[in-house]
Amino acid sequence: MNQNQPPTQAQIHPEQLGLNSRFRFKCHPGVSCFTQCCRGINIILTPYDIIRLKQRLELSSEAFLAIYTEPHLLEKTDLPMVTLKHLDDDLDSCPFVREDGCILYEDRPTACRYYPLGVATLQHKEGADDEGFFFFVNEPHCKGFEEDCDWTVADWRKDQAVDQRDTVNAAWTDLLVRKRSFPANIKLTDQAKQMFFMVSYNIDKFR
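Pasting the structure below:
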């Protein structure tokens, strides 16, 4: 693959995975596609992602949001959310990726930690393991699936520390899911959206 070309669009594998589902994957600098998954993809940031990243960069939440994120409305919820802003280059690169990997790896976002898995949350129940399901995010360029390293979904989540992050973000995630279940004619006021954005993302201003 030409390293100067953006990766082709990821495909969602239709198989639903549980915590005990097994798969083979390993990402490291030795694979030919290393860092290609860090380009041309929208990374939704959670409130805890914002906290970790802004602290690592020694920025206020307001400054981090202004420099590194783009606002959107989350489909079917009408709630504001943010994605990581791409660099203005031909590859739509993550601003934190370099040839040798992520410069903020220890504080990378939840979505990056889950990769090559995605998660669909149906509801949150304290202490339950059946709040949703998982699936593969297949990108044609990815060679990580060819590596000789076996995981269960549960082991992968623990290794990447997403189990802890999901716990921290559980109430916020549950709010998104609950709002998604509301009838379409129930709309939030602009003031309510602004409050949700501030509480979720512009944390320093909320305090």
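Here the sequence shown is numbered in this note's numbering, starting from -7 and rising by one per residue. Here a beta-carbon is modelled for each residue, glycine too, at the ideal position from N, C-alpha and C.
With a threshold of 16 other CB atoms inside 10 Å of the CB of residue i, please say whether the residue is buried or exposed.
i: residue 122; result: With a pLDDT of 48 at residue 122, under the threshold of 50, the predicted position of this residue should be treated as unreliable, and no value is reported.
i: residue 65; result: exposed
i: residue 62; result: exposed
i: residue 134; result: buried
i: residue 193; result: buried
i: residue 107; result: buried
i: residue 198; result: exposed
i: residue 178; result: exposed
i: residue 150; result: exposed
i: residue 97; result: exposed
In the structure shown, what three-state DSSP assignment does residue i receive?
i: residue 136; result: helix
i: residue 128; result: strand
i: residue 94; result: strand
i: residue 86; result: coil
How far does the alpha helix (DSSP H) with residue i in it reach, from first residue to last?
i: residue 45; result: 39 to 49
i: residue 105; result: 102 to 106
i: residue 54; result: 53 to 60
i: residue 195; result: 195 to 198
Just to confirm the assignment, what range does the beta strand (DSSP E) spanning residue i have?
i: residue 15; result: 14 to 16
i: residue 69; result: It is not in any beta strand (DSSP E) - residue 69 carries neither H nor E in the DSSP assignment.
i: residue 113; result: 109 to 113
Looking at chain D, is there any beta carbon in it that lies within less than 9 Å of the beta carbon of residue i?
i: residue 176; result: Among the chains in the structure shown there is no chain D, since it carries only a single protein chain.
Return yes when the C-beta of residue i is under 8 Å from any heavy atom of the ligand SAM, and no when it is not.
i: residue 53; result: The ligand SAM is not part of this structure, which contains no ligands at all.
_When you compare the stretch 26 to 41 with the stretch 95 to 110, are there three or more beta-carbon pairs, one atom per stretch, that lie closer than 8 Å?_
yes
*Jot down the residue ranges of each uninterrupted alpha helix (DSSP H) in the stretch 135 to 192, minimum 4 residues, whole runs only, in chain order.*
Those alpha helix (DSSP H) runs which fall completely within the stretch 135 to 192 and span 4+ residues are 145 to 151, 154 to 160, 162 to 172, 182 to 192.
*Do the stretch 88 to 99 and the stretch 11 to 31 make contact, defined as three or more Cβ pairs closer than 8 Å?*
Below 8 Å, enough C-beta pairs join the stretch 88 to 99 and the stretch 11 to 31 to call them touching: three or more.
*Just checking, does the stretch 178 to 197 make contact with the stretch 145 to 162 on the three C-beta pairs under 8 Å criterion?*
Counting C-beta pairs closer than 8 Å gives fewer than three between the stretch 178 to 197 and the stretch 145 to 162, which falls short of the contact rule.
*Is it a yes or a no for the stretch 164 to 179 touching the stretch 65 to 84, going by three-plus beta-carbon pairs under 8 Å?*
yes
*asked:* Closer than 8 Å is the cut-off here; do at least three beta carbon pairs connect the stretch 124 to 138 with the stretch 17 to 28?
replied: yes
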